[in-house]
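*Asks:*
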Amino acid sequence: QACAAVGQSRLMTTYERLFESFGLHVAQVLLTHDDLEHHDRHLNARNTLCTLLDRGVIPVINENDAVSTTELKFGDNDRLSALVASLLPADLLIILTTVDGVVANFGKPHARTLALVEAIDPALEKLAGGTASATAVGGMTAKIQAAKIAMRSGIPLVIASGRKPSVIADVLGGAEEGTLFVPKPNKLKGRKRWIAFFHHPKGTLFVDDGAKRAVREKGRSLLPPGVARCEGEFAAGDVVRICDPDGLEFARGISAFTAAQVRAKERPRAELVHRDDLVVL
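If you're matching positions, the sequence shown starts at 508 in the numbering used here and goes up one per residue.
#1: Report yes if the CB atom of A611 is closer than 8 Å to the CB atom of L621, and no otherwise.
#2: For E738, which residues from the same chain have a beta carbon less than 7 Å from its beta carbon, with the 5 sequence-adjacent residues on both sides left out?
#3: Which one of P663, V606, L679 and R659 has the shortest CA to CA distance from M647?
#4: Taking the alpha helix (DSSP H) that A721 belongs to, which residues open and close that run?
#5: Can you list, in chain order, the residues of its chain whose CB lies under 8 Å from that of R586, leaving out five sequence neighbours each side?
#6: What is the DSSP secondary structure of T711, reduced to helix, strand or coil?
#7: Is the number of C-beta pairs between the segment 717–736 and the segment 751–771 that are closer than 8 Å three or more?
#8: In chain order, which continuous runs of the beta strand (DSSP E) of length 3 or greater are located wholly inside the segment 637–698?
#9: If I'm right that R553 touches L594 with Cβ under 8 Å, what's the distance once you round it to whole angstroms?
#10: In terms of residue numbering, what span does the beta strand (DSSP E) encompassing N569 cover?
#11: Going by beta-carbon coordinates alone, are L623 and L664 separated by less than 8 Å?
#12: Just to confirm my understanding: we take A641, look at its own chain, exclude 5 residues before and 5 after, and list those with CB closer than 6 Å. What are they?
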């Protein structure tokens, strides 16, 4: 963390020099997960970024590694970029890497770059291997996770090679560069995005199949009788994961109860997670 503090000033000096040659100004914005999780700070971060962009200043955004704690880190800049794109929301997110995009049969003679992705399924996720580099974080796996956030936020995302000097101009000009992830038509609105993406869930609710169908297919609130068990310690107002009997997370929401109240089966007719505070993933 001390090294990160030293390195930030050197990085910004380099960015300033490079952008000045094009007559552009830059601003450093260092974010922690708390800045995006707490609603007031979330909105303040958005307002700051929008003001910079409105005035023609290029924000250079990074995680505030000097103060971020391990359990509350974004983890990689792929995820951070998707969260910032969702925060604004952006018109387009471009992630540059060392390969041409998502590559099927990587390293083999018949390898090919996927031009278009309309849905992320387990087969696609198998194509994404984690990085083997000691100085990088996430690899293609992290980029696929970033694409999930962007797609649900209604933002197209392109993964392309940063080794091509004109790649950004080519993408903006409509050229078929890299892999384009097409956004979902039923994009999440502002508050739902905040619940789904900007929180570290404080606990987990495991529900039965009937509750899963009611929430996922019928758009209903989650009621206490549908919860088989809960894990973690959370307060009323905390975001929790909602998982099916097999442990697969299919939703997130704001709990109206504490963990102790859930375990005690209190207020069985009350709404544990109201549908307005619930996001199906």
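Each residue gets a CB set at the ideal place from its N, CA and C atoms; glycine is no exception.
*Replies:* Straight from the coordinates:
#1: yes
#2: G710 and T711
#3: V606
#4: D716 to R723
#5: G645, A649, Q652, A653 and I656
#6: strand
#7: yes
#8: 664–668 and 686–688
#9: 5 Å
#10: V564 to E570
#11: no
#12: Its pLDDT being 42, under 50, A641 is placed unreliably in this model, and the value from its coordinates should be taken loosely. Counting only Cβ-Cβ distances below 6 Å, and skipping sequence neighbours, we find nothing.
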